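Trainee: Shown below is the structure under consideration.
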Amino acid sequence: MHKIRCEIHKVAADKGLYSSGYFLFLFFWQVCHSTPSAELRLECQSGTGPDSELSFVSARTLIRGHRHYVTEMAALRSALHGRLVQALPFSIGSLRFASSFKAADLSIEQNAACKPKPDPSSLVFGKQFSDHMLTINWSEKGGWEAPQIKPFQNLSLHPASSSLHYSIELFEGMKAFRGVDNHVRLFRPMLNMERMHRSADRSSLPLFDKGELLECIRKLVELDQEWVPYSQDASLYIRPTFIGIEPSLGVSRPGEAMIFVIVGPVGPYFATGSFNPVSLLADPSFVRAWKGGVGAYKMGGNYGPTIMVQNEAVKRGCQQVLWLYGEEEEITEVGTMNLFIYWNNEQGERELVTPPLDGIILPGVTRQSLLDLARSWGEFKVTERSMNMKELLGALEAGRILEMFGAGTACVVCPVGSLLYGGKTYQIPTMQNGPDMAKRFHKELTDIQYGRKLSEWAPLVV
Numbered sequence: 001m002h003k004i005r006c007e008i009h010k011v012a013a014d015k016g017l018y019s020s021g022y023f024l025f026l027f028f029w030q031v032c033h034s035t036p037s038a039e040l041r042l043e044c045q046s047g048t049g050p051d052s053e054l055s056f057v058s059a060r061t062l063i064r065g066h067r068h069y070v071t072e073m074a075a076l077r078s079a080l081h082g083r084l085v086q087a088l089p090f091s092i093g094s095l096r097f098a099s100s101f102k103a104a105d106l107s108i109e110q111n112a113a114c115k116p117k118p119d120p121s122s123l124v125f126g127k128q129f130s131d132h133m134l135t136i137n138w139s140e141k142g143g144w145e146a147p148q149i150k151p152f153q154n155l156s157l158h159p160a161s162s163s164l165h166y167s168i169e170l171f172e173g174m175k176a177f178r179g180v181d182n183h184v185r186l187f188r189p190m191l192n193m194e195r196m197h198r199s200a201d202r203s204s205l206p207l208f209d210k211g212e213l214l215e216c217i218r219k220l221v222e223l224d225q226e227w228v229p230y231s232q233d234a235s236l237y238i239r240p241t242f243i244g245i246e247p248s249l250g251v252s253r254p255g256e257a258m259i260f261v262i263v264g265p266v267g268p269y270f271a272t273g274s275f276n277p278v279s280l281l282a283d284p285s286f287v288r289a290w291k292g293g294v295g296a297y298k299m300g301g302n303y304g305p306t307i308m309v310q311n312e313a314v315k316r317g318c319q320q321v322l323w324l325y326g327e328e329e330e331i332t333e334v335g336t337m338n339l340f341i342y343w344n345n346e347q348g349e350r351e352l353v354t355p356p357l358d359g360i361i362l363p364g365v366t367r368q369s370l371l372d373l374a375r376s377w378g379e380f381k382v383t384e385r386s387m388n389m390k391e392l393l394g395a396l397e398a399g400r401i402l403e404m405f406g407a408g409t410a411c412v413v414c415p416v417g418s419l420l421y422g423g424k425t426y427q428i429p430t431m432q433n434g435p436d437m438a439k440r441f442h443k444e445l446t447d448i449q450y451g452r453k454l455s456e457w458a459p460l461v462v
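Counted from 1, the sequence shown has number 186 at position 186 by the numbering used here; the numbering is strictly sequential.
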């Protein structure tokens with residue numbers, strides 16, 4: 001029988017816990033190599049001065065047989081990885097440790113030749129970029145290097161970099177907004193950091209302190225604050241990206257990696273405008289993601305293959321794709337957005353429905369925000385559940401669908417006007433119903449983002 005007792009005292013990140021990966025390395029080393037009867041106590045001093053705290057791990061193994069010992073040690077390693085990977089900001093897979101970079105070590109090189117700022121009314125999404133960028137390098141041997149903000153420039157990559165060949169890469173999408181009070185705000189940025197952290201773990205890229213990365217990003221936005229448009233119809237798009245850069249053609253976890261963050265002013269995501277309805281193509285022969293895959297992570301490999309399908313939708317007179325999954329043709333996402341349906345359900349209740357986070361759906365920040373808002377109102381039922389095309393079409397025929405819309409960082413809220421499926425076009429009565437719910441969500445979110453309504457969801461940058 002195996003018994004382990006671990007006590008890890010909580011220590012704030014800014015007091016040095018995340019730079020103390022060495023004590024965990026020793027602990028795992030003992031777990032892997034200790035004899036069947038062993039007692040281990042490791043102590044690690046985190047920080048210095050009167051605010052320093054003592055973190056320790058106390059482990060005791062009592063085993064009767066070598067076979068049971070080996071089995072339970074393997075189970076312990078697996079369980080500890082599952083519990084610690086989200087709690088700690090450094091990778092513990094295969095005993096690979098690297099304490100996180102620190103925002104306090106950030107160096108800034110000012111751009112001596114700043115570009116003129118574009119007119120907010122002429123912005124095209126993702127085409128213009130600010131004067132500076134953030135880079136943070138990592139290597140297996142040296143761990144994380146100090147973060148750098150430097151003039152915006154091209155990257156220099158070895159042709160054999162793993163991100164170029166095997167898509168060992170991930171990214172995030174965030175925005176900064178200039179409020180009515182002229183303050184610059186982010187919107188629920190820690191949700192982006194948490195999702196990026198999960199994507200890094202799934203990509204076998206090194207983990208990091210989410211708070212430290214967010215502070216580095218905040219410093220970048222503060223430096224380039226004049227690039228945040230003086231407009232409530234535009235914003236500064238923030239693109240954190242994480243790539244494997246080891247020069248090797250082997251299909252393996254990269255020994256070198258880089259985080260870089262670029263920012264640029266953006267207007268409406270869709271050329272039709274920020275609140276005009278879109279038409280959708282629903283074709284079950286195309287699949288965006290599948291169970292057991294990586295649809296729940298924000299990786300570039302999830303997006304590139306969708307371009308051909310998007311082009312096919314345009315050929316058929318549609319603007320976006322309604323992604324279906326499986327024999328039941330489950331409704332999943334709309335283009336790069338999460339999907340919401342506001343309807344009268346079969347019990348006659350007003351209900352907001354969105355597909356569940358089952359490994360296929362990306363856990364969107366805007367998605368979570370709409371759910372949080374709707375539940376806080378307490379005016380109608382809010383449900384995360386699967387819905388298939390048969391159920392959707394039946395509700396349309398019965399006149400129970402009120403509104404259908406997508407939600408995402410780029411577009412905020414986007415109403416759906418029609419659906420092409422099986423060669424037939426179905427009209428969605430979103431606009432005929434106001435769309436009261438979509439507009440309400442849009443107003444609530446943008447009021448927070450632009451400072452018309454103060455909220456802890458929108459922390460100040462400057």
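By construction, the Cβ of each residue, glycine as well, lies at the ideal position given by its N, Cα and C atoms. All of these numbers come straight from a predicted model, not from anything done at the bench.
#1: What distance in whole Å lies between the Cβ atoms of residue 257 and residue 267, which are believed to be in contact at a cut-off of 8 Å?
#2: So, does the stretch 191-204 touch the stretch 222-235, judging by three or more C-beta pairs under 8 Å?
#3: Which residues mark the beginning and the end of the alpha helix (DSSP H) in which residue 166 is found?
#4: Short of 8 Å in beta carbon distance, which residues of its chain neighbour residue 355, apart from the five on each side in sequence? Order them along the chain.
#5: Which one of 191, 252, 445, 455 has the shortest CA to CA distance from residue 364?
#6: Between the Cα of residue 392 and the Cα atoms of 427, 373, 368, 374, which residue gives the shortest distance?
#7: Quick one: using the 10 Å Cβ neighbour count with 16 as the cut-off for buried, is residue 507 buried or exposed?
#8: For residue 240, does the three-state DSSP call read helix, strand or coil?
#9: My understanding is that residue 382 touches residue 395, with C-beta atoms under 8 Å, so please give their C-beta distance in whole angstroms.
#10: What are the boundary residues of the alpha helix (DSSP H) that includes residue 132?
#11: Would you kindly check if the distance between the Cβ of residue 220 and the Cβ of residue 134 is under 7 Å?
#12: Which runs of the beta strand (DSSP E) at least 3 residues long sit entirely within the stretch 326-353? Give them in chain order.
#13: Can you name the start and end residues of the beta strand (DSSP E) that residue 206 belongs to?
#14: Drop a sphere of 10 angstroms on the beta-carbon of residue 112, count the other beta-carbons inside from all chains shown, and report buried for 16 or more, exposed for fewer.
#15: Given a cut-off of 7 Å on the beta-carbon distance, is the pair residue 149 and residue 101 in contact?
#16: Exposed or buried, which one is residue 155 when buried takes at least 16 other CB atoms within 10 Å?
#17: Here's a check: name, in chain order, each residue in its chain whose Cβ is nearer than 8 Å to the Cβ of residue 455, leaving out the five neighbours to either side.
#18: Can you list the beta strand (DSSP E) stretches of 3 or more residues lying completely in the stretch 240-313, in chain order?
#19: Classify residue 230 as buried or exposed, calling it buried when 16 or more other Cβ atoms lie within 10 Å of its own Cβ.
#20: Sort 326, 403, 279 by Cα distance to residue 285 and report the nearest one.
#21: With a CB to CB cut of under 8 Å and the five nearest residues on each side skipped, what residues in its chain are close to residue 120?
#22: Taking residue 140 as the reference, give the member of 99, 132, 429, 389 with the closest Cα.
#23: Buried or exposed: which applies to residue 377, given that a residue is buried once 16 or more other Cβ atoms fall within 10 Å of its Cβ?
#24: What are the boundary residues of the alpha helix (DSSP H) that residue 365 is part of?
#25: Relative to the alpha-carbon of residue 115, which residue among 109, 132, 249 has its alpha-carbon at the smallest distance?
#26: Three-state secondary structure (DSSP) at residue 414?
#27: Applying the criterion that 16 or more other CB atoms from any shown protein chain within 10 Å of the CB defines a buried residue, is residue 269 buried or exposed?
Mentor: This is what the structure gives:
#1: Not quite, the Cβ-Cβ distance comes to about 33 Å (not below 8 Å), so this is no contact.
#2: no
#3: For residue 166, the enclosing alpha helix (DSSP H) begins and ends at 162-166.
#4: Setting aside the 5 residues that flank it on each side, residue 355 is surrounded in the same chain by 330, 331, 332, 333, 338, 339, 361, 384, 385, 386, 387, each with a C-beta closer than 8 Å to its C-beta; the list follows chain order.
#5: Scanning 191, 252, 445, 455 for the CA closest to the CA of residue 364 turns up 191.
#6: Residue 427 is the option with its Cα nearest to residue 392.
#7: Outside the shown range of the chain (1 to 462) lies residue 507, about which nothing can therefore be said.
#8: strand
#9: Contact flag wrong, Cβ pair sits at about 17 Å.
#10: No alpha helix (DSSP H) holds residue 132; the beta strand (DSSP E) holding it covers 132-139.
#11: Yes, they are a contact pair.
#12: 330-334, 337-344
#13: No beta strand (DSSP E) holds residue 206; DSSP gives it neither H nor E.
#14: exposed
#15: no
#16: exposed
#17: Counting only Cβ-Cβ distances below 8 Å, and skipping sequence neighbours, we find 448.
#18: 256-266, 278-282
#19: Residue 230 counts as exposed, since fewer than 16 other C-beta atoms from the protein chains shown sit within 10 angstroms of its C-beta.
#20: When only C-alpha atoms are compared, the closest one is 326.
#21: 229, 230, 231, 233, 234, 265, 267
#22: 99
#23: exposed
#24: 365-377
#25: 132
#26: strand
#27: Around the C-beta of residue 269, 16 or more other C-beta atoms lie within 10 Å, and the residue is accordingly described as buried.
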